[in-house]
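According to my numbering, the sequence shown is numbered sequentially starting from 2. The C-beta atom is built at its ideal place from N, Cα and C for all residues, glycine as well.
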Amino acid sequence: MIVLAATPIGNLGDATTRLVDALKNAEIIAAEDTRTAIHLMRALGIDNRPRLVALHEHNERERAAEVVELAREHDVLVLTDAGMPAISDPGFPLVEAAAAAGVTVTALPGPSAVLTALAVSGLPTDRFTFEGFLPRKQGDRLRILRALVDERRTMVFFESPHRLAESLGDVAEALGAERRVVVCRELTKLHEEVKRGTAAALAAWAAEGVRGEICVVVEGAPEREVDLAQGVALVLAAVAAGERLKDAAAEVSEATGLSKRDLYQGALAAR
């Protein structure tokens with residue numbers, strides 16, 4: 002089978018007992034960086050010498066079939082440099098290929114920057130969405146953020162330190178300068194920092210320079226009062242964009258609390 006193994010995101014003490022046992026007994030390890038995998042084993046006092054296969058963002062689609070075939074006869078331990086494979090890290094194409102080939106995939110749970118940032122943010126955690134890394138180019142970044150302007154769930158992003166100020170400025174422009182934001186820096190490490198404030202205030206703070214691994218947690222959009230006429234207009238706009246009327250009515254109903262039947266009938270009457 003294929004075993005996705007979460008590795009520490011900063012603090013070696015977060016390595017689980019199951020991870021240590023898996024590393025001790027592994028015959029084959031598919032690693033984002035084989036040097037990092039060797040360093041991790043040495044740091045954990047493990048002298049196992051498994052076969053190492055490089056599986057990173059530049060070759061994973063080409064090598065996925067090879068690793069899947071290996072996993073028919075052996076357990077293949079999959080590691081990324083930190084955190085859970087396939088979550089904004091190499092791994093998804095491999096899992097996709099394994100599922101298609103009928104090869105079992107399991108995981109060794111462990112550290113996750115997404116969940117750690119969400120938990121310490123102080124923003125609502127009952128519903129959230131993980132949006133990965135924002136695009137490098139400002140135009141693409143603003144397009145993504147503007148599409149999230151009505152997202153009610155708390156949003157979690159990854160960002161590089163040298164783009165943080167620009168991205169927070171774009172959050173302020175697209176979602177509102179007063180939108181609450183939390184920047185989580187160097188999670189689980191010695192210099193861990195959790196900075197809370199508005200999008201505009203944190204953009205100004207980040208402009209002074211920030212280092213380290215960054216997670217950004219953004220407050221969801223406030224609930225808006227929408228009357229039936231406005232709801233019907235939203236349904237019709239979604240239908241014009243290609244959605245089925247029934248699906249559009251259901252989505253607008255969930256987002257606004259309006260009756261799905263009233264939205265459906267209102268949209269039919271307005272067409």
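Same chain, Cβ closer than 6 Å to residue i, five either side skipped, listed in chain order
i: C281; result: The structure shown has nothing for residue 281, since the chain only spans 2 to 272.
i: A239; result: A249
i: T35; result: L53 and A55
i: A87; result: F93 and V96
Close Cβ partners of residue i (< 8 Å) along its chain, the five nearest in sequence each way excluded
i: D15; result: P9, G111, P112 and T189
i: V21; result: L45 and I47
Residue burial classification, residue i (beta-carbon count within 10 angstroms, cutoff 16)
i: R64; result: buried
i: S161; result: exposed
i: E28; result: exposed
Nearest-angstrom beta carbon gap, residue j and residue i [assumed within contact, 8 Å]
i: A207; j: A270; result: The Cβ separation is near 50 Å, so there is no contact.
i: T155; j: V218; result: 6 Å
i: A175; j: V150; result: 6 Å
i: T232; j: T257; result: Residue identity check: residue 232 is Gly in the sequence provided, not Thr. 5 Å between Cβ atoms; contact.
i: V121; j: M2; result: Between M2 and V121 the Cβ distance is about 33 Å, and since that is not below 8 Å, they are no contact.
For residue i, three-class secondary structure by DSSP
i: G210; result: coil
i: I10; result: coil
i: G92; result: coil
i: A83; result: coil
i: A256; result: helix
Start-to-end residues for the alpha helix (DSSP H) that takes in residue i
i: I39; result: T35 to A44
i: E193; result: E193 -> no alpha helix (DSSP H), and no H or E assigned at all.
i: G267; result: K261 to A271
Boundaries (first-last residue) of the beta strand (DSSP E) holding residue i
i: A108; result: V106 to L109
i: E67; result: Here E67 belongs to no beta strand (DSSP E); instead the alpha helix (DSSP H) covers E61 to E74.
i: I29; result: I29 to A32
i: V157; result: T155 to E160
i: I215; result: I215 to V219
Neighbourhood of residue i by C-beta, 7 Å cutoff - its chain only, sequence neighbours within 5 removed
i: L146; result: D171, V172, A175 and L176
i: L237; result: A268 and A271
i: S260; result: S254
Check: residue i C-beta below 7 Å from any heavy atom of the ligand PLP
i: G92; result: With respect to small molecules bound, the structure shown includes none, and the ligand PLP cannot be examined in it.
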